[in-house]
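Numbering (this note's numbering), first residue to last: 1 to 398. Just so it is clear, CB atoms sit at the ideal spot from N, CA and C, and this is done for glycine as well. The structure appears below as structure tokens.
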Ligand code: ADP
């Protein structure tokens, strides 16, 4: 099958055309700064060189129109006509507890996604815009919605409920949802392959460490707990997000500093995490590593807090899973920072984790980075959310 994968942000649209039989990427591209004065479009047809151009892109509809013109273009294109596309897979951030699986998009599904916008007011409306734009230009092509939250719908009640009055769950659906589902699912699947085991016989902890970051306990291929919560603010400390804190702190800062609730939440979302803990040095692990190497105490404090925070979740999830076969690092930090992987693994002595220092420093692609004697296998596996979406489209339609 040829599947077009669409991933819409508020001012961006990422796409990939994938031949799912061979998992070959036929074309990929990115529209940036949609709706702004100076837009940008970059496009890579297959193995050929990247083409970039400055171009004003008024809205997501125009982006989809340009996308279609480009991939079917006689010179730049990779397919003869739109009829060659068998399905479109849309990334949708929040499926609430309505969507536990990817679904074929119908009017009813669109209403369902609209209802979930309450839980993701920034993301879901933009995802819907991508769906509507594709429906306009490809009215006869089947569309499938794949949700960031659905992988975690398998969590048991004791994992997803908060210790607050039950009526908030019953009435308002206040519960843990979890995010990065496509990444956790993809990486857990690849980990099982590398273990040479049927995924149903594995216990894996996946660490998706990007600007936003979450840890997931995957038992037999199923998510049983994850660190993000009702929103992506919960869990481990992130680039600028606090992760889980004592909720009373919100009240305390608001009262002491005479700030509104919104202002305090803004601090927790944009001025906390590595950025806040480092005394506003940086939210980026590349900068922090450079400073760490120079002995900068602010950078050291931030990276130590990050590795401690990750380790605590891993420890908890080992117990939740009843043991662990593998721990896998992925996303911007997980794939690229040998230092963060090392700092985390050094804290996992109690599990018998031994890192192969050389492999950890020089690893490329998907590989094992633990030493032969390590009791738990450690992997570095690049995530591929678009491939995960394409696989799920195939599964849904077959
Ligand atoms: P997101 O998709 O959540 O925005 P990414 O997965 O792209 O984030 O991860 C971005 C983060 O990855 C950056 O903020 C940076 O901290 C980290 N990162 C990227 N490249 C490197 C690198 N070479 N070394 C260390 N950290 C890196």
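For residue 56, count neighbouring C-beta atoms within 10 Å of its own C-beta (all shown protein chains included) and say buried if the count is 16 or more, exposed if not. exposed
Would you kindly check if the distance between the Cβ of residue 229 and the Cβ of residue 236 is under 9 Å? no
Mind checking who residue 43 pairs with in its DSSP beta bridge? 29 and 51
Taking Cβ to Cβ, would you say residue 46 is nearer than 9 Å to residue 27? yes
My guess is that residue 144 and residue 103 are in contact by the Cβ rule of under 8 Å, so how many angstroms apart are they, rounded? 7 Å
Burial state of residue 283 (16 or more Cβ within 10 Å): buried
Along the chain, where does the alpha helix (DSSP H) containing residue 209 start, and where does it finish? No alpha helix (DSSP H) holds residue 209; the beta strand (DSSP E) holding it covers 203-209.
Start and end of the beta strand (DSSP E) containing residue 231? Careful: residue 231 lies outside any beta strand (DSSP E) and carries neither H nor E.
According to DSSP, which residues form a beta bridge with residue 179? Answer is none; residue 179 lacks a bridge partner.
Buried or exposed: residue 247, going by 16 or more other Cβ atoms within 10 Å of its Cβ? exposed
What would DSSP say about residue 377, mapped onto helix, strand or coil? strand
Can you tell me which residues form a DSSP beta bridge with residue 143? 88
Following a CB-centred definition, is residue 73 positioned closer than 8 Å to any heavy atom of the ligand ADP? no
Check the DSSP bridge columns for residue 216 and list the partner residues they point to. 206 and 226
Determine which residues share a DSSP beta bridge with residue 326 and list them. 204 and 377
Any chance the CB of residue 347 is under 8 Å from a heavy atom of the ligand ADP? no
Roughly how many angstroms separate the alpha carbons of residue 162 and residue 139, rounded to a whole number? 42 Å
Beta carbon of residue 286: closer than 8 Å to some heavy atom of the ligand PLP? In the structure on display, the ligand PLP does not appear, and the ligands it does have are the ligand ADP.
Segments assigned beta strand (DSSP E), at least 3 residues, entirely inside the region 324-372: 326-330
Out of 73, 183, 389 and 130, which has the shortest C-alpha to C-alpha gap to residue 10? 130
Where residue 73 falls: helix, strand or coil (DSSP): coil
For residue 258 and residue 265, I'd like the C-alpha separation in whole angstroms. 13 Å
Within the chosen definition, does the region 273-282 reach the region 321-333 through at least 3 CB pairs nearer than 8 Å? no
For residue 337, which option in 202, 176, 43 and 210 has the closest C-alpha, if you only look at C-alpha atoms? 210
Residues near residue 99 by beta carbon distance below 6 Å, same chain, minus five either side: 147 and 150
Any chance you could list the alpha helix (DSSP H) runs of at least 4 consecutive residues sitting entirely within the region 250-327, in chain order? 261-270, 273-277, 285-293 and 297-321
Could you tell me if residue 290 is buried or exposed, where buried requires 16 or more neighbouring beta carbons within 10 angstroms of its beta carbon? exposed
If you count every other CB in all the chains shown that lies within 10 Å of the CB of residue 362, and 16 or more means buried, which is it? exposed
Quick one: what's residue 18 bridged to in DSSP? 3 and 25
Within 8 Å: the Cβ of residue 7 and any heavy atom of the ligand ADP? no
Near residue 374, what residues of its chain come up, given a Cβ to Cβ distance below 7 Å and the 5 sequence neighbours on each side ignored? 352, 353 and 354
Considering just the uninterrupted stretch of the alpha helix (DSSP H) at residue 11, what are its terminal residues? Counting along the chain, residue 11 falls outside any alpha helix (DSSP H), and DSSP gives it neither H nor E.
Between residue 32 and residue 260, what straight-line distance do the alpha-carbon atoms span, to the nearest angstrom? 33 Å
Thinking C-alpha only, which one of 194, 256, 268 and 78 is nearest residue 401? The displayed coordinates of the chain run from 1 to 398. Any statement about residue 401 would go beyond what the structure contains.
Could you give the first and the last residue of the continuous alpha helix (DSSP H) run that contains residue 112? 107-116
What distance in whole Å lies between the Cβ atoms of residue 6 and residue 207, which are believed to be in contact at a cut-off of 8 Å? Incorrect: roughly 27 Å between the Cβ atoms, too far for contact.
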